[in-house]
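> Per our numbering, the sequence shown starts with residue 96, numbered consecutively. Dropping a structure here in structure tokens format, bear with me for questions.
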Amino acid sequence: MNSEFRKTLPGSQLDYFDARAAVDALKPGAYDSLPYTSRVLAENLVRRCDPATLNASLGQLIERRDDLDFPWFPARVVCHDILGQTALVDLAGLRDAIADQGGDPALVNPVVPTQLIVDHSLAVECGGFDPDAFDKNRAIEDRRNEDRFHFINWTKKAFKNVDVIPPGNGIMHQINLEKMSPVIQVLDGVAFPDTCVGTDSHTPHVDALGVIAIGVGGLEAESVMLGRASWMRLPDIIGVELTGKLQPGITATDMVLALTEFLRKQKVVGAWLEFFGEGAAALTLGDRATISNMAPEYGATAAMFYIDQQTIDYLKLTGREDEQVRLVESYAKHTGLWADSLKSARYERGLQFDLSSVVRNMAGPSNPHARVATSDLAAKGIAGQWSETPGQMPDGAVIIAAITSCTNTSNPRNVIAAGLLARNANKLGLTRKPWVKSSLAPGSKTVAMYLEEAGLGHELEQLGFGVVAFACTTCNGMSGALDPVIQKEIIDRDLYATAVLSGNRNFDGRIHPYAKQAFLASPPLVVAYAIAGTIRFDIEKDVLGLDANGREIRLKDIWPSDEEIDAVVKAAVKPEQFRKVYIPMFAIHEDTGPKVEPLYEWRPQSTYIRRPPYWEGALAGERSLTGMRPLAVLPDNITTDHLSPSNAIMAGSAAGEYLAKMGLPEEDFNSYATHRGDHLTAQRATFANPKLFNEMVQENGKVKQGSLARIEPEGKVTRMWEAIETYMQRKQPLIIVAGADYGQGSSRDWAAKGVRLAGVEAIVAEGFERIHRTNLVGMGVLPLEFLASTDRKTLGIDGTETYDVIGARTPRAQLTLVINRKNGERLEVPVTCRLDTAEEVSIYEAGGVLQRFAQDFLESAVAS
């Protein structure tokens, strides 16, 4: 702690650390030129950094140097129950390992406050047309997840510094935005900016509040939980000026889909963005949150907005305490975090986006950045003529229409717009098509309250959009089962069926196994497509139905005006609703139940929770980085959904066959995501996505689609799991060769854990998505990057080769990838070692995050 910079915040009894004074002492006037992000990081360094290294670290911020590491200390960790649970399973396993080596397991606890929200395990088995859907879905969730919830309840008692929000209460990001983030924290009489890391790629949702919140892998989160600094290099900070204003009838969803396409083209992958300008100033906090939430879709690490009057208005709207709201305003204005103080901020790179250019949009198929204007649907070949056969579903049938995800349900304008469109449709006698499984799954209970206040809840229910859950559902692939009759028709006719959802992810195979493709759209458009019933429909021009007088009804006839939306939001969304939801949810309840043992009693028959194997088998052995065979040769844009799918487990899959052997009935197989606390189930999800293209498996000169591999040297084509099992039995070290943007998507630990347990020692790709690369390092897998103009195609890689890696592993060193061809040829290829920091080298050499912590813990115990 650097006490010379500790001062009293004017007008309060609180102290703060004066980052401006510390920065300007090194270079007079430098603070005024720093971006918002750098100012928050500077405060973090002044308050937490070793005094001996403070000036050097601050110098990096001032000089914009990205070649050295510096520490930052997030104030808290937020987790959803899937990655949060797996992180805590890892810590429970770490306690076992510490106890086995003579240490005290009870001393293994999160040091940083950790908030776990159970929000990712509910499947929409009952659609929104069932009035009892919420209760039925929750009952199924509790039954299926009894093992998981038993473990989570144990962690709440066994670990210090862990708070759990039970299921049925909302989505972690929306709860974080509406309640958990104070924007300015207070601890031991010191005020400082709230910062957090979260085990989900959409953690930047609260960047909209001016809070640095970034998504990390569960392994990195575990390291932060255990009190280690999160080491980083100064990110590429890009200023994005928003100009103009949205045209009438354009939603925040339309805006963010256009921005996502624009920013992907501007190559902002890994960058930290700061949005500013007149356009940004006019956006509500809900609109800003929609932009920040989709940071991973345009590839950015963070998507920051400055603190301004919109922030203050939102804190008041969501029922924050008056004293806290005053603190946020006074702290931000005094320390240079208020928008007016950032007009002198300089960025190495600036972008400009005109909000008035946004038209009504959708995204799809397959990618969130594949924007298509609704007016261009026919020209793009999405909409088109189709002939209706009575009693049959049409081509392009929308089998799922879901208002879901914190991306949109944290924005009252979007939800109210959907309610008003539903009201207008009901008045004219329009109905949902019978094959559409519709649902409303808000990220917060307040949504149901303000819909009811506005008289719009029953309007949505009438069209089949009743509340099915307060949880992350369809967007996460938890769409639930289809009506058996509908499913049979899809299979029998090999029907091109689709999903339309108001979420942030639409990767192939994610939303539902029988939805061949999925499209992202605003909540009111989702309702419109439930009425249309097919994606082969020009939503701007085609007729949705006829009114009582036989007049044709089109989208423009039911679309609500901006003035009406704004008036309803103003009248119906109230601070008392947020207080009514969140005050009891976050009330401190003294635990009067029986104490629990520090070591968890693992249930041997569980397929959800199992003692992790990080000190045995493949993970205990030496990684030789020699004689590696390719498990897969993969194209560009491999997502974590390809690597470790999250959706429903099918009976014919390797995981399904295993669960059946373990005695689970098929209706309770649940999702891949929920089983990630049991490595025996989760391993079988590795590369289990039916949309995978492994270039080692070809038929008639074309790559064959499916979860397939080719065992070498025999050349035998098998299902991926059989290949992994074979190589595990042979103790064969493996490598994966891939294209660009490897590992984009959700921050999914098992995308790294699965390959490591299979025996993969290295992955060589043209580029890595940030979170997945850190997860690989955290599991002891070496990420290697081809140099420019070199790739699997220029090297003529076909999967028959073996590989060695030669060279000293130091941060971003150039290593040599030796390719030993089947014909005896030996090729040496220079590659970049993507261990980016000295801390990452240390973690990798120890075998991973948990092994490294165990070593340090035991060494410190011996020393003391």
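Glycine included, every Cβ here is placed at the ideal spot set by N, Cα and C. For clarity, every value in this text was computed on a predicted model and none was experimentally measured.
#1: Of the residues V900, A201, C928, which one's Cα is nearest the Cα of R921?
#2: Could you spell out where the beta strand (DSSP E) holding M457 opens and where it closes?
#3: So, L729 versus A804, is the Cβ gap smaller than 8 Å?
#4: Kindly indicate which three-state DSSP category T250 falls into: helix, strand or coil?
#5: Just the Cα atoms here: how many angstroms apart are T821 and T781?
#6: Just tell me which of R101, D844, T484, L620 has its CA closest to the CA of D283.
#7: Helix, strand or coil for N506 per DSSP?
#8: Return the first residue and the last residue of the beta strand (DSSP E) that T821 is part of.
#9: Do the CB positions of K786 and D652 come within less than 8 Å of each other?
#10: Could you give the first and the last residue of the continuous beta strand (DSSP E) run that contains Q612?
#11: Could you give the DSSP three-state label for P828: helix, strand or coil?
#12: Between the Cα of L412 and those of N506, L186, S133, spot the shortest distance and give me the residue it belongs to.
#13: On the three-state DSSP scale, how would you describe M544?
#14: Considering only the alpha carbon of each residue, which of W367, R160, Q419 lies closest to F109?
#15: Closest to S500 by C-alpha separation, out of A682, H297, K528, G524, would be which residue?
#16: Alpha carbon to alpha carbon, what distance is there between L354 and L615?
#17: Note the first and the last residue of the continuous alpha helix (DSSP H) segment covering R757.
#18: Between P200 and the rest of its own chain, which residues show a CB-CB distance below 6 Å, the 5 nearest in sequence each way excluded?
#19: Counting C-beta neighbours from all protein chains within 10 Å, is the total for V580 16 or more, i.e. buried, or is it exposed?
#20: With DSSP as the reference, identify every bridge partner of L910, one or two as the case may be.
#21: Mark A666 as exposed unless 16 or more other C-beta atoms lie within 10 angstroms of its C-beta, in which case mark it buried.
#22: Mark P277 as exposed unless 16 or more other C-beta atoms lie within 10 angstroms of its C-beta, in which case mark it buried.
#23: Any idea if Q196 is buried or exposed, counting beta-carbon neighbours within 10 angstroms, 16 or more meaning buried?
#24: For the stretch 419-438 against the stretch 307-327, are there 3 or more C-beta pairs whose distance is under 8 Å?
#25: Is E138 helix, strand or coil when you go by DSSP?
#26: Are there 16 or more other CB atoms within 10 angstroms of the CB of S482, so buried, or fewer, so exposed?
#27: Here's the rule: buried if 16 or more other CB atoms are within 10 angstroms of the residue's CB, otherwise exposed. What is Q778?
#28: Pull up the distance between the alpha-carbon of D844 and that of V850, whole angstroms please.
#29: Could you say which of E761, L140, T735, L754 lies nearest to M327 if we only look at CA atoms?
#30: Assuming L754 and T721 are in contact, meaning their beta carbons sit under 8 Å apart, how far apart are those beta carbons, in whole angstroms?
#31: Taking only runs of the beta strand (DSSP E) that begin and end inside the stretch 265-341, which ones reach a length of at least 3 residues, in chain order?
#32: Could you please give me the residues that DSSP links to P579 through a beta bridge?
#33: Return the CA-CA distance between A347 and G758, expressed in angstroms with no decimal places.
#34: Looking only at its own chain, which residues have a Cβ that is under 7 Å from the Cβ of S802, when we skip the five neighbours before and after it?
#35: So what's Y898 in DSSP terms, helix, strand or just coil?
#36: Give me the Cβ distance between I495 and A610, rounded to the nearest whole Å; I'm assuming they're in contact under 8 Å.
The answer reads as follows:
#1: Taking the sequence shown and counting its residues from 1, the one referred to as residue 921 is at position 826. Here the closest residue by C-alpha is V900.
#2: On the sequence shown, position 362 is the one that residue 457 refers to. Counting along the chain, the beta strand (DSSP E) containing M457 begins and ends at 456-458.
#3: Sequence index remark: in the sequence shown, residue 729 carries index 634 (1-based). Sequence index remark: in the sequence shown, residue 804 carries index 709 (1-based). In this structure, A804 does not lie closer than 8 Å to L729 by Cβ.
#4: Residue mapping note: residue 250 aligns to position 155 of the sequence shown, counting from 1. Residue state, collapsed to three classes: helix.
#5: Within the sequence shown, residue 821 is the residue found at index 726, counting from 1. Within the sequence shown, residue 781 is the residue found at index 686, counting from 1. T821 and T781: Cα-Cα distance of roughly 14 Å.
#6: As a working note, residue 283 is residue 188 in the sequence shown. Selected option, being the one with the closest Cα: R101.
#7: For the purposes of this step, residue 506 is taken as the residue at position 411 of the sequence shown. Looking at N506 - three-state DSSP - the assignment turns out to be coil, as it is neither helix nor strand.
#8: To locate residue 821, count along the sequence shown from 1; it is residue 726. Taken as a continuous stretch (DSSP letters only), T821 belongs to no beta strand (DSSP E), being part of the alpha helix (DSSP H) at 815-825.
#9: Taking the first residue of the sequence shown as position 1, residue 786 is located at position 691. Taking the first residue of the sequence shown as position 1, residue 652 is located at position 557. One thing to note: K786 has its Cβ no nearer than 8 Å to the Cβ of D652.
#10: In the sequence shown, the residue the question calls residue 612 occupies position 517. Here the beta strand (DSSP E) through Q612 covers 612-615.
#11: Taking the sequence shown and counting its residues from 1, the one referred to as residue 828 is at position 733. Correct three-state label for P828: coil.
#12: Stepping through the sequence shown from its first residue, residue 412 is reached at position 317. When only C-alpha atoms are compared, the closest one is N506.
#13: Indexing the sequence shown from 1 puts residue 544 at position 449. The answer is helix: DSSP assigns M544 an H, G or I state.
#14: Here residue 109 corresponds to residue number 14 of the sequence shown, with the count starting at 1. Note that residue 109 is Leu in the sequence shown here, rather than Phe. Nearest option by C-alpha distance: Q419.
#15: Taking the first residue of the sequence shown as 1, we reach residue 500 at position 405. Comparing Cα-Cα distances from S500 to each of A682, H297, K528, G524, the minimum goes to H297.
#16: By 1-based counting over the sequence shown, the position of residue 615 is 520. By 1-based counting over the sequence shown, the position of residue 354 is 259. Computed Cα separation, rounded: 14 Å.
#17: The sequence position of residue 757 within the sequence shown is 662, counting from 1. Looking at the sequence provided, one finds Met at residue 757 rather than Arg. Unbroken run through M757: none, as it is neither H nor E.
#18: Residue 200 sits at position 105 when you count from the first residue of the sequence shown. Excluding positions up to five away in sequence, the list reads R190, I193, A194, P693, L694.
#19: In the sequence shown, counting from the first residue as 1, residue 580 sits at position 485. With fewer than 16 Cβ atoms within 10 Å of its Cβ, V580 is classed as exposed.
#20: Within the sequence shown, the letter at position 815 stands for residue 910. According to DSSP, L910 bridges with V926.
#21: Here residue 666 refers to the residue found at position 571 when the sequence shown is read from its first residue. Counting Cβ neighbours within 10 Å, A666 comes out exposed, since fewer than 16 surround it.
#22: Numbered from 1 along the sequence shown, position 182 holds the residue referred to as residue 277. It is buried - the Cβ of P277 has at least 16 other Cβ atoms within 10 Å.
#23: Residue numbering aside, residue 196 sits at position 101 when the sequence shown is read from its first letter. Q196 is exposed by the Cβ-count criterion.
#24: no
#25: For this step, residue 138 is matched to residue 43 along the sequence shown. If DSSP states are grouped into helix, strand and coil, E138 belongs with the helices.
#26: Numbered from its first residue, the sequence shown carries residue 482 at position 387. Exposed, by the Cβ-count rule.
#27: Sequence index remark: in the sequence shown, residue 778 carries index 683 (1-based). It is buried - the Cβ of Q778 has at least 16 other Cβ atoms within 10 Å.
#28: For the purposes of this step, residue 844 is taken as residue 749 along the sequence shown, with counting starting at 1. For the purposes of this step, residue 850 is taken as residue 755 along the sequence shown, with counting starting at 1. Rounded to whole angstroms, D844 to V850 spans 10 Å at the Cα level.
#29: As a working mapping, residue 327 is identified with position 232 in the sequence shown. If we check each option's Cα against that of M327, L140 comes out closest.
#30: Within the sequence shown, the letter at position 659 stands for residue 754. Within the sequence shown, the letter at position 626 stands for residue 721. Actually they are not in contact, since the Cβ atoms of L754 and T721 sit about 36 Å apart, beyond 8 Å.
#31: Taken in chain order, the unbroken stretches of beta strand (DSSP E) that lie wholly in the stretch 265-341 and span 3 residues or more are 279-282, 285-288, 290-293, 307-310, 325-327, 332-338.
#32: Here residue 579 is taken as the residue at index 484 of the sequence shown, counted from 1. According to DSSP, which records beta bridges pairwise, P579 is partnered with nothing at all.
#33: Position 252 of the sequence shown, counted from the first residue, corresponds to residue 347. Position 663 of the sequence shown, counted from the first residue, corresponds to residue 758. Cα to Cα, A347 sits roughly 46 Å from G758.
#34: Along the sequence shown, one-based indexing puts residue 802 at 707. If we look at S802 and ignore the five residues flanking it on each side, its Cβ neighbours are F782, A783, N784, P785, L787, R814, M815.
#35: By 1-based counting over the sequence shown, the position of residue 898 is 803. Of the three classes helix, strand and coil, the one that applies to Y898 here is strand, per DSSP.
#36: Sequence index remark: in the sequence shown, residue 495 carries index 400 (1-based). Sequence index remark: in the sequence shown, residue 610 carries index 515 (1-based). That belief holds up - the Cβ atoms of I495 and A610 are roughly 6 Å apart, short of 8 Å.
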